[in-house]
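When the sequence shown is numbered by my numbering, its final residue is 272 and no position is left out of the sequence of numbers. Inspection log for the structure reproduced underneath, given as structure tokens.
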Amino acid sequence: MTPLLSRALLAEGLGTFALVFFGPGAAVVQAQTGALGHLGVAAVFGLTVTAVIAALAPISGAHINPAATFALALAGRFPRRRVLPYLGAQLLGATLAAFTLLALFGREGHLGVTVPAGSWARALALETLLTFFLLLVALRSGLPWAVGGVVALEAVMGGPITGASMNPARSFGPALASGIWTAHWVYWVAPLLGAALAVATNHVLSPAQPLEAQPGRAQEFRPEGEPI
45 MTPLLSRALL
55 AEGLGTFALV
65 FFGPGAAVVQ
75 AQTGALGHLG
85 VAAVFGLTVT
95 AVIAALAPIS
105 GAHINPAATF
115 ALALAGRFPR
125 RRVLPYLGAQ
135 LLGATLAAFT
145 LLALFGREGH
155 LGVTVPAGSW
165 ARALALETLL
175 TFFLLLVALR
185 SGLPWAVGGV
195 VALEAVMGGP
205 ITGASMNPAR
215 SFGPALASGI
225 WTAHWVYWVA
235 PLLGAALAVA
245 TNHVLSPAQP
255 LEAQPGRAQE
265 FRPEGEPI
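Set out below in structure tokens:
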């Protein structure tokens, strides 16, 4: 394993840990105190994603989401040989964060586990659409505030129905720590479907000839030292 890859995996693990610790952690605090409200929990998710991308994107790309890694690999922007190592780092970070919440708060709020409120079919469709729009923004912008803003927006709208996961790792950690696996497969299948749709749509929207590079444009989740 090269030093660059080791640093990237550490960054992915730390970033996913932060996402699950602060995001589902906010849901746990809301369940315990009622102090944050639904909008507050959504804001915590968005702010966490914004901060993680700003801090860690130069190192690992700050995917912090298996669906994002899958989308970038499918789009040819990320080496496929790194997909499984990134997945492992993301799941490990999410799991450590969820068990940290368990140690701090017990099973309060079921540790922010994502469970459909209603049918699995509706949850599958909603999570697919939420992930589609999130990753379309990520593919076309990659700017921390844009991606974090979409996460917060979609958490406000979809949170009460599905938990607005859009991220298999975010759902996996709390499910493992809480032991609640209700319709967990939805939170893997839907994000991957949404990722594939986002890649296809981005391909259609992209110009036939490459545009000139714009100063200050984000590197679209490309870690340091990674060739285009």
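Just so you know, even glycine gets a beta-carbon here, dropped at the ideal spot from N, CA and C.
(message) What does the alpha-carbon distance come out to for the pair residue 91 and residue 58?
(response) Each residue's CA atom was taken as its position, placing residue 91 and residue 58 some 16 Å apart.
(request) Tell whether a beta-carbon distance below 7 Å holds between residue 239 and residue 111. (result) The Cβ-Cβ distance between residue 239 and residue 111 falls below 7 Å.
(request) Select from 70, 94, 221 the residue whose C-alpha is nearest the C-alpha of residue 83. (result) By alpha-carbon distance to residue 83, the top candidate from 70, 94, 221 is 70.
(request) Measure the C-alpha to C-alpha separation of residue 52 and residue 107 and round it to an integer number of angstroms. (result) When rounded, the distance between both Cα atoms is 10 Å.
(request) For residue 128, count neighbouring C-beta atoms within 10 Å of its own C-beta (all shown protein chains included) and say buried if the count is 16 or more, exposed if not. (result) Taking all protein chains shown into account, residue 128 has fewer than 16 neighbouring C-beta atoms within 10 Å of its C-beta and is therefore exposed.
(message) What residue range does the alpha helix (DSSP H) around residue 122 cover?
(response) Membership of residue 122 in any alpha helix (DSSP H) is not indicated, and neither H nor E is assigned to it by DSSP.
(request) Report back the beta-carbon spacing between residue 103 and residue 191 to the nearest angstrom; my notes put them in contact at under 8 Å. (result) The pair is not a contact, with the Cβ atoms about 16 Å apart (cut-off 8 Å).
(request) Can you say whether residue 113 is buried or exposed, counting buried as having 16 or more other CB atoms within 10 angstroms of its CB? (result) Looking at its Cβ environment, which holds 16 or more other Cβ atoms inside 10 Å, residue 113 is buried.
(request) Using alpha carbons as the reference points, say which of 248, 153, 136 lies closest to residue 224. (result) Looking only at 248, 153, 136, the smallest Cα-Cα distance to residue 224 is reached by 153.
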